[in-house]
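Trainee:
Numbering (this note's numbering), first residue to last: 406 to 685.
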């Protein structure tokens with residue numbers, strides 16, 4: 406019988422949360438996984454080596470490393486060849502977890518289609534379509550075009566299971582006006598669905614979404630986000646730099662409220678992922 410493992414992404418440590426909160430939350434997520442009966446496997450690239458599960462000292466070093474790259478699936482080989490370190494994004498973590506035979510992964514929010522740029526699509530979505538891993542998330546990051554992201558998931562054929570919800574959450578908010586494919590109200594039912602998907606030959610990701618334990622209303626989030634988007638445009642921030650800038654700007658605009666929501670949802674997702682891993 407396989408040991409229940411939960412893959413945890415590390416880009417949230419290197420790029421998603423400010424120091425020292427990043428290390429604190431990393432420890433809280435690993436603790437939540439252990440308390441639910443599974444073993445955490447935080448994934449990263451350290452000094453040119455792909456690591457599946459970090460020792461405490463390695464986790465601390467990664468959290469303090471201001472030179473670590475943001476490592477998507479497409480970046481893994483280059484970082485290894487250069488002997489560099491990187492925090493793996495959802496796509497990078499998915500690729501490595503699938504290769505390592507890990508069935509369940511936890512993250513905060515997946516990437517998706519960017520606002521105003523239908524052709525600017527996160528690598529996370531395509532990696533979901535090719536990795537047989539169940540991903541627990543609080544939906545997609547609120548800074549994205551959520552309707553088009555949900556539509557893209559549907560186009561890729563990625564099943565979206567709502568844990569005790571019919572709504573597709575928006576990371577900082579449960580209110581998006583979007584629906585999931587199916588609602589399931591117990592971890593046992595989710596495990597049954599996963600086994601059925603796999604036994605029927607489905608070999609891509611299964612998305613399990615749950616709303617954040619605490620959140621903002623859609624209206625107050627959108628107001629803060631529009632102001633932050635305007636700042637990003639004024640500063641000429643584009644590409645991969647947009648997401649970390651907006652997350653930091655939102656934290657400032659909401660007096661740290663988004664940081665607390667992020668911390669709470671990351672821990673809740675890690676716990677649910679572990680409960681699923683134990684069941685399957």
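By construction, the Cβ of each residue, glycine as well, lies at the ideal position given by its N, Cα and C atoms.
1. Within 10 Å of its beta-carbon, does residue 435 have 16 or more other beta-carbons around it, so buried, or fewer, so exposed?
2. Of the choices 415, 490, 629 and 612, whose alpha-carbon is the least far from that of residue 562?
3. Considering just the uninterrupted stretch of the beta strand (DSSP E) at residue 448, what are its terminal residues?
4. Since I believe residue 468 is in contact with residue 535 (beta carbons under 8 Å), could you give me their beta-carbon distance rounded to a whole number of angstroms?
5. Which residues does DSSP list as the beta-bridge partners of residue 686?
6. What's the gap between the Cα of residue 637 and the Cα of residue 654?
7. Using the rule of at least 16 other Cβ atoms within 10 Å of the residue's Cβ for burial, across every protein chain shown, is residue 529 buried or exposed?
8. For a test of the three-state rule: what should DSSP assign to residue 491, helix, strand or coil?
9. Does DSSP put residue 660 in a helix, a strand or coil?
10. On a CA-only basis, which of 554, 656, 478 and 437 is nearest residue 371? Give me that one, please.
11. Is the separation between the beta-carbon of residue 411 and that of residue 510 shorter than 8 Å?
12. Go ahead and pull the three-state DSSP assignment for residue 439.
13. Quick one: give me the first and last residue of the beta strand (DSSP E) that residue 540 is part of.
14. Using only CA atoms, which one of 666, 676 and 549 lies nearest to residue 634?
15. Could you check whether residue 445 and residue 438 sit closer than 8 Å to each other, using their CB atoms as the reference points?
16. Give every residue of the same chain whose Cβ lies closer than 7 Å to the Cβ of residue 592, excluding the five residues on either side of it in the sequence, and list them in chain order.
17. Look at the Cβ atom of residue 392, then the Cβ atom of residue 459, and state whether they are nearer than 8 Å.
Mentor: Taking the structure as given:
1. buried
2. 612
3. 444-451
4. Incorrect: roughly 30 Å between the Cβ atoms, too far for contact.
5. The structure shown does not extend to residue 686, since the chain is modelled only from 406 to 685, so the question has no answer here.
6. 9 Å
7. buried
8. strand
9. coil
10. Because the chain in this structure spans residues 406 to 685, residue 371 falls outside the shown range and cannot be described.
11. yes
12. Assigned with DSSP and collapsed to three states, residue 439 falls in helix.
13. 539-542
14. When only C-alpha atoms are compared, the closest one is 549.
15. yes
16. 680, 681 and 684
17. Limits of the chain in this structure are 406 at one end and 685 at the other, which puts residue 392 out of reach.
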